[in-house]
Structure formats: C-alpha cells, structure tokens
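In order, the protein sequence lines correspond to chains A and B.
Heads up: the first sequence at position 160 corresponds to 160 in the numbering used here, and the numbers run straight through without jumps.
Heads up: take any position in the second sequence, counting from 1, add 1000, and you land on the numbering used here.
Note that CB positions come from ideal geometry on N, CA and C, so glycine has one too.
To start, the structure under review is shown below, and the notes come after it.
Protein chains: 2
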Amino acid sequence: MERDRIPEAVIRRLPKYYRYLSEQLRAGEERVSSSGMSRDMGLNASQIRRDLNCFGGFGQQGYGYNIEKLRGEIMRIMGIDARQRMVIIGAGNIGQALAGYGGFAREGFLAVGLFDTDSTVIGQRVSELVVRPVAELAAFLRRQPVQVGVICTPAAAAQETADRLVQGGVRGIWNFAPCDVQVKAGVAVENVHLNDSLFVLSYRLREDGSEG
Amino acid sequence: MERDRIPEAVIRRLPKYYRYLSEQLRAGEERVSSSGMSRDMGLNASQIRRDLNCFGGFGQQGYGYNIEKLRGEIMRIMGIDARQRMVIIGAGNIGQALAGYGGFAREGFLAVGLFDTDSTVIGQRVSELVVRPVAELAAFLRRQPVQVGVICTPAAAAQETADRLVQGGVRGIWNFAPCDVQVKAGVAVENVHLNDSLFVLSYRLREDGSEG
DNA sequence: TAGATTGTTAATCGATTAACAATC
DNA sequence: TAGATTGTTAATCGATTAACAATC
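Shown next, in the form of structure tokens:
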C-alpha cells in the first residue's frame, strides 16, 4: 500500500494532537469528535479530519475518534513509541539544561552522553551525566547506537559538530546553535533557533501595538 | 501610507535574513544580490526579492542590496533596534539557562528579573540575577516596564503565569512550557515547544530511514 | 430508524516560483 | 550604452475551509 507523502504542515501539527489527546486521556475521556477538538484546540474541524485521515481512517462515523487508540496511532507515526538515545554536544547553558530536563526522558528520549571541548567543564557531573571530551565522541558512538545528536555549541563549532555526529552514524540532528548546518541526504535536521523565535515575538510586539 | 499586512511566512524568514546579513557584514561584504543570497541561503531568488519588497524598495537595479542598510532596515522592522526588557518566570533548567545565556542580551534583550515559587531556589543567584518569589512579580512590574515575559514553568502553572504577566502589563509572551496559553487580543505569544520539535525530528528519522 | 459524525470532493485562500519589463 | 539586477505580474503549487454524501 503506497501512502501519499504527508504534508509538512500536518507533521508540525501532530505533536499538538498528541499533547491534546494525552491531556484528554489523563482527564478520563474516552472519545472525541473533530468538532470537539476544534473547539478545544482552535483548529478548523475539516482540517482535523483531513489531517487524521492522512494516516488512515481512525475515526468512526457517528462516534468520532477513540482517544487511546488515536493517541497510540499518532505515537507510532511520530516514532515516539520506541526509545531513542541522544548525545548532547556542548555543555553550556542550553546543553546542561537539556541534559537535566526530565521531560524528554519521560517521552522516551534518553540523553546518554554529554560532550564539550572546554577542559574546565569536562569531568563535571550534570544531572546523571559526566561531561566528556568531544575527542571521545567517535569512540563513544562506535560503542553504542545513538539516534539523535543535539548541537548546543556556539555557531562557530556547529558545522564541525554536525559532521562528527553524521560521521559517527547519527541520523537526526537537533540544532540549538544560532546558525544552519549542512548535512548529507538521509540525515534529518530540526532547528531550534531561539534568537529567531525571540525576534518574531519582537516583531509582533510592535505590530500589535500599532494596530490596537 | 497604508502598508499591506506582512505574510506570516515572510515574518518567520526575517530573522534568517538578519542572520545572513550580519555574517556578510562581519565578513566585510558591502553588497549582495538576490541570486547571491539565494545561493548562500538556499531560498528562491524570486522569493527573496518579494520578501524584501514587502517593506519597501531597499534594492537597486543592477546593483543589488546594500548589506548594512538592508540589515538596518530589517532590524528596525523586527523591532530589535530598541532595547527590550524581559522577566523569566520559572528558575528550573530552562529558566536558568535562558537567564545565563548571553546571546539575547547581545541582541538587546535584557533579562531583568527571574522568578520562582519554590522556596529552595528563591534567593539563589543565577548569572547576574537573584531568584525572586513570584508573589513579588506584580510589584516588580509596577516599578519598571517589561516588554517580554518568558514562561519557563511546568505546564500546570503556565496559564496562571501568563495571566499574571498580562495583568502586569507585559504584551509579549515567550512560552517554553509544554502547553498553549490563552491571552487577550493585543498580547503576542511565541511558543518554543521543545517536545514538539523533538517529535518532528523523530518523525523524520523514520521517514528518511524508510525512504533511503 | 434518526442523529451524529466521518471521509472526501470541490472551492478558496495564501505562498512560491517563473518570467520579464523597468531601470540603475 | 550594455550588463546586471530589481520590482512586479502571471502561473503554479500547496494548504485551508466549506459542503455534503456515506455510514456508523
């Protein structure tokens, strides 16, 4: 069965569905309709039905969607039903925060290594991890498969870090450095550009002020 | 002069232009053409010309764009030519990292307050700031104008925090909590949903794997 | 069966890209 | 003037929304 390519816009909404369904499940709800989700999430009901239908007919006419089942399907589609191992490169503010944040482990993303080049932080303990020298990264990756590499270095070191990760077999890069990185085909990059996000907020501050 | 509304997609690209132009300026370049930017940034040249033209004709036929001037215009448009003051609510991993990160201050965004409800962290020094009790937030905001409120609390406290910030006159919310918050019209919200971002990466890991 | 709600098609909207006349 | 490159219009593409027949 050949599935159509999933539109980019739909993929970006999946985590939001997942979040909503998890909440509803926790609240003890059993089923939900597209109009109910529309009301709660502020999305158009047609869009919700269309989105969910990209992956197959999980709904039932006259009933709606079973929350537990739909949530399970979305987990499977996003690949968060399996455990993923992550290494974090750069033990500065952001790197340490991500290493210490329990929210990812709770969803199955486990940080197994934290690396830096700065000898003053190497050896320090951060949460469950001890900061290792980046020079050991290649050997580390040879010993154990790692799915996700998190770049938390300064911009100047980001590309080299990406290269090392890809060289070591990592196929997903989560990039927090304030620059873009180039990777070969088959490697996924997801950027978290905090400065960019802050600038967009800054733009909207003015926009709303002058319109209101 | 009535300006057309700027498309959402263009606004999200502005920080990327800014980043590119800053780099070029640092490298000593003076002018750039849309085709040069296209090559370097991986965007379509038509799109670049169209984007930049949303704000007025900064270019010159046969010459291109003056980097310093264009960068200045984009700064002005995004509102990052002026200083902005931020308060951070939640002194956990993320809140502390943002308070300590120098990259925002360098762009004119200054963290002036860090708040938490946990008495074990209140009073602690984080970078230049001392963690204050959230109970003092209202009084703090009365004493000095703050443009941006950064929510770094757990999901359960996010909405209440947003309400307190808006009540205190903050008109821009940078939300790092893993949930959405509701605010009245005229308040801008920019979300940084780290879990969502990680899930999208996770989806692409599978996608590329099965296609490659 | 009647009511509710999906899945899906058609219509609309917005964003991207190609093409080229205008102009520096 | 000739060459380069913008600004802008027209064509294409993709995403959203409305509408409704299918069906539980």
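Would you mind sorting residue i into buried or exposed? The rule is 16 or more other CB atoms within 10 Å of its CB.
| i | result |
| --- | --- |
| proline 15 of chain A | buried |
| threonine 1153 of chain B | buried |
| aspartate 120 of chain A | Reading the sequence as shown, one finds threonine at residue 120 of chain A and not aspartate. Per the 10 Å Cβ criterion, exposed. |
| glycine 1042 of chain B | exposed |
| methionine 1 of chain A | With a pLDDT of only 33 at methionine 1 of chain A, under the threshold of 50, the placement of this residue in the model should not be trusted, and no figure is reported. |
| glutamine 167 of chain A | exposed |
| valine 130 of chain A | exposed |
| arginine 50 of chain A | exposed |
| valine 192 of chain A | buried |
| arginine 1143 of chain B | exposed |
| arginine 125 of chain A | exposed |
| tyrosine 1203 of chain B | buried |
| glutamine 182 of chain A | exposed |
| arginine 83 of chain A | exposed |
| aspartate 1196 of chain B | buried |
| aspartate 116 of chain A | buried |
| asparagine 175 of chain A | buried |
| alanine 135 of chain A | exposed |
| arginine 1164 of chain B | buried |
| asparagine 1044 of chain B | exposed |
| asparagine 93 of chain A | buried |
| serine 1210 of chain B | Any answer about serine 1210 of chain B is weak, because its pLDDT of 47 lies below 50 and its placement is not dependable; what the coordinates show is given next. With fewer than 16 other Cβ atoms within 10 Å, it is exposed. |
| arginine 1019 of chain B | buried |
| glutamine 1060 of chain B | exposed |
| tyrosine 1065 of chain B | buried |
| glutamate 1107 of chain B | buried |
Examine chain B for any beta-carbon lying closer than 8 angstroms to the beta-carbon of residue i, and answer yes or no.
| i | result |
| --- | --- |
| glutamate 136 of chain A | no |
| lysine 16 of chain A | yes |
| leucine 43 of chain A | no |
| glutamine 96 of chain A | yes |
| glutamate 29 of chain A | no |
| isoleucine 11 of chain A | yes |
By DSSP's criteria, residue i is part of a beta bridge. Which residues make up the other side?
| i | result |
| --- | --- |
| glutamine 1060 of chain B | B:Gly1064 |
| aspartate 1116 of chain B | B:Pro1133 |
| alanine 111 of chain A | A:Met86 |
| glycine 1172 of chain B | B:Val1148, B:Ala1188 |
| valine 1126 of chain B | B:Leu1129 |
| arginine 31 of chain A | A:Asn66 |
Of all Cβ atoms in chain A, is any one closer than 8 angstroms to the Cβ of residue i?
| i | result |
| --- | --- |
| isoleucine 1048 of chain B | no |
| methionine 1078 of chain B | yes |
| arginine 1171 of chain B | yes |
| leucine 1021 of chain B | no |
| serine 1197 of chain B | yes |
| methionine 1037 of chain B | no |
| tyrosine 1101 of chain B | yes |
| phenylalanine 1058 of chain B | no |
| asparagine 1066 of chain B | no |
| aspartate 1116 of chain B | no |
Taking Cβ-Cβ distances shorter than 8 angstroms, what residues in chain A pair up with residue i?
| i | result |
| --- | --- |
| aspartate 1051 of chain B | Residues of chain A passing the Cβ test: none, with the nearest at roughly 13 angstroms. |
Name, please, each residue of chain B whose Cβ falls closer than 7 angstroms to the Cβ of residue i.
| i | result |
| --- | --- |
| serine 202 of chain A | Met1078, Gly1079, Ile1080, Gln1084 |
| leucine 205 of chain A | Gly1079, Gln1147, Arg1171, Gly1172, Ala1188 |
| glutamate 107 of chain A | Asn1195 |
Counting only Cβ pairs nearer than 7 angstroms, list the residues of chain A close to residue i.
| i | result |
| --- | --- |
| valine 1148 of chain B | Leu201 |
Using a Cβ cut-off of 8 angstroms, pull out every chain B residue sitting near residue i, in sequence order please.
| i | result |
| --- | --- |
| valine 192 of chain A | Val1192, Leu1194, Ser1197 |
Report the neighbours of residue i on chain A: residues whose CB is nearer than 9 angstroms to its CB, in chain order.
| i | result |
| --- | --- |
| phenylalanine 1104 of chain B | Leu194, Asn195, Leu198 |
At a CB-CB cut-off below 9 angstroms, which residues of chain B make contact with residue i?
| i | result |
| --- | --- |
| proline 178 of chain A | Arg1019, Gly1103 |
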